[in-house]
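Q:
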Amino acid sequence: MNPTDTTTTNTKAAAAAELGEIAEMIERGALRGARARLARLLDTTDPSARLLLVRCVEALEAEHPTTMLARLRGEWRQADDDGRALVEACAPSAERRAEKTRDAERIARSNRAKDQAHAARKPRDLTSRRSAPRGRRDPRAVERDSVARRYFADRIDPVEDSNEPQHDDRLDYDLAAVPPMRGLPCVACGVERSTADQRRVNRDGLCQDCREDGTPGIAVPDADATRQVMLTARCDYIAATSTSPAERDARLRRDWRFMTKADKFAVIAWRDTQST
Numbered sequence: 004m005n006p007t008d009t010t011t012t013n014t015k016a017a018a019a020a021e022l023g024e025i026a027e028m029i030e031r032g033a034l035r036g037a038r039a040r041l042a043r044l045l046d047t048t049d050p051s052a053r054l055l056l057v058r059c060v061e062a063l064e065a066e067h068p069t070t071m072l073a074r075l076r077g078e079w080r081q082a083d084d085d086g087r088a089l090v091e092a093c094a095p096s097a098e099r100r101a102e103k104t105r106d107a108e109r110i111a112r113s114n115r116a117k118d119q120a121h122a123a124r125k126p127r128d129l130t131s132r133r134s135a136p137r138g139r140r141d142p143r144a145v146e147r148d149s150v151a152r153r154y155f156a157d158r159i160d161p162v163e164d165s166n167e168p169q170h171d172d173r174l175d176y177d178l179a180a181v182p183p184m185r186g187l188p189c190v191a192c193g194v195e196r197s198t199a200d201q202r203r204v205n206r207d208g209l210c211q212d213c214r215e216d217g218t219p220g221i222a223v224p225d226a227d228a229t230r231q232v233m234l235t236a237r238c239d240y241i242a243a244t245s246t247s248p249a250e251r252d253a254r255l256r257r258d259w260r261f262m263t264k265a266d267k268f269a270v271i272a273w274r275d276t277q278s279t
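Residue numbers (the working numbering): 4 to 279.
(1) Use the C-beta contact count for A26: other C-beta atoms within 10 angstroms, 16 or more gives buried, fewer gives exposed.
(2) If you reduce the DSSP assignment to three classes, tell me which class F268 lands in.
(3) Are the Cβ atoms of W273 and T244 separated by less than 8 Å?
(4) So, for M91: in the same chain, excluding its five sequence neighbours on each side, which residues have a beta-carbon less than 6 Å away from its beta-carbon?
(5) Would R254 and I241 qualify as a contact pair, given that the criterion is a beta-carbon distance under 8 Å?
(6) Can the beta-carbon of A42 be found less than 8 Å from the beta-carbon of G86?
(7) So, for L45: in the same chain, excluding its five sequence neighbours on each side, which residues have a beta-carbon less than 8 Å away from its beta-carbon?
(8) So for C189, helix, strand or coil by DSSP?
(9) Is it buried or exposed for C59, if we count other Cβ within 10 angstroms and need 16 for buried?
(10) Tell me the rounded alpha-carbon separation between D225 and R80.
(11) Rounded to whole angstroms, what is the Cα-Cα separation between G280 and Q201?
(12) What is the DSSP secondary structure of R260, reduced to helix, strand or coil?
(13) Can the beta-carbon of D207 be found less than 8 Å from the beta-carbon of R214?
(14) Hey, quick one: how far does the alpha helix (DSSP H) through C59 stretch, first residue to last?
(15) Which residues in the same chain as S278 place their Cβ atom closer than 7 Å to its Cβ, once the five residues preceding and following it in sequence are excluded?
(16) Look at A88 and L75 and say whether their C-beta atoms are less than 8 Å apart.
(17) For R115 and T69, I'd like the C-alpha separation in whole angstroms.
(18) Can you tell me whether A33 is helix, strand or coil according to DSSP?
(19) Can you name the start and end residues of the alpha helix (DSSP H) that I241 belongs to?
(20) Please check the pair A73 and T48, which I expect to be a contact at CB under 8 Å, by giving their CB distance rounded to whole angstroms.
(21) Evaluate P161 with the Cβ neighbour count: other Cβ atoms within 10 Å of its Cβ, from every protein chain shown; 16 or more gives buried, anything less gives exposed.
Okay, structure coming up:
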């Protein structure tokens, strides 16, 4: 026999024995030690068998014995003779398989009992309201209260005047009644554009009033330009028509509040290309 073949056979036999010990450590729950020994074993194993060793250990770490055996059988069918020896070395004995099956069934029964006990403790048919519900306030009274609050908020009491910011977490009904802006505002004046202005045919970024006044709009290079190209052209327009970098950034921040996440990435990409 070739001495090289003898050495290879001994190495694979030693790897199979080592893998069997790793399997026993996993069965005992010593996962950290098992992984450390597996790492040392991979350093001395034929590269063609390393992937098989890792898959075998992953199968041994499966929570349910049925899953573990199914994965080991699959590895055994696909492996050659040497690989099958490795799979057989880490396969648990019949007694150990039966014990793991009993443990899994016991844990499942315990979990079902806990779920049933928890469900039995849930309150049922309990009265959650002890008093009669309060009627809704008249909207006119709410409006009067809001007007009164705004009136007194504009007049500061000299005794209570300070530099501390005023915090008021009450709901502003006037602000809440305003629907959110649809799409990006007019690139020139900043007001909300109508649905007709936001159509694909009107790609200058202007509202109807600015368009009728002759205000120049965004120049999009192609008729079939993508959304990113149109946003880049919008940013170029804002930069060209702003009197200072501060004004440019303020107008970009105004648009930022109404952009989608994809639009924001396009603006960030444009901003990274600017020198200031």
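Every residue gets a Cβ at the ideal spot worked out from N, C-alpha and C, and that includes glycine.
A: On the basis of the data shown:
(1) buried
(2) helix
(3) no
(4) Going by the sequence as given, residue 91 is Glu instead of Met. Result list for E91: empty, nothing under 6 Å.
(5) yes
(6) no
(7) R53, L56 and V57
(8) coil
(9) buried
(10) 59 Å
(11) The structure shown has nothing for residue 280, since the chain only spans 4 to 279.
(12) coil
(13) yes
(14) P50 to L63
(15) none
(16) no
(17) 20 Å
(18) coil
(19) R230 to T244
(20) That pair is no contact at about 25 Å.
(21) Residue placement at P161 cannot be trusted, given a pLDDT of 43 that sits under 50; the coordinates are not used to answer.
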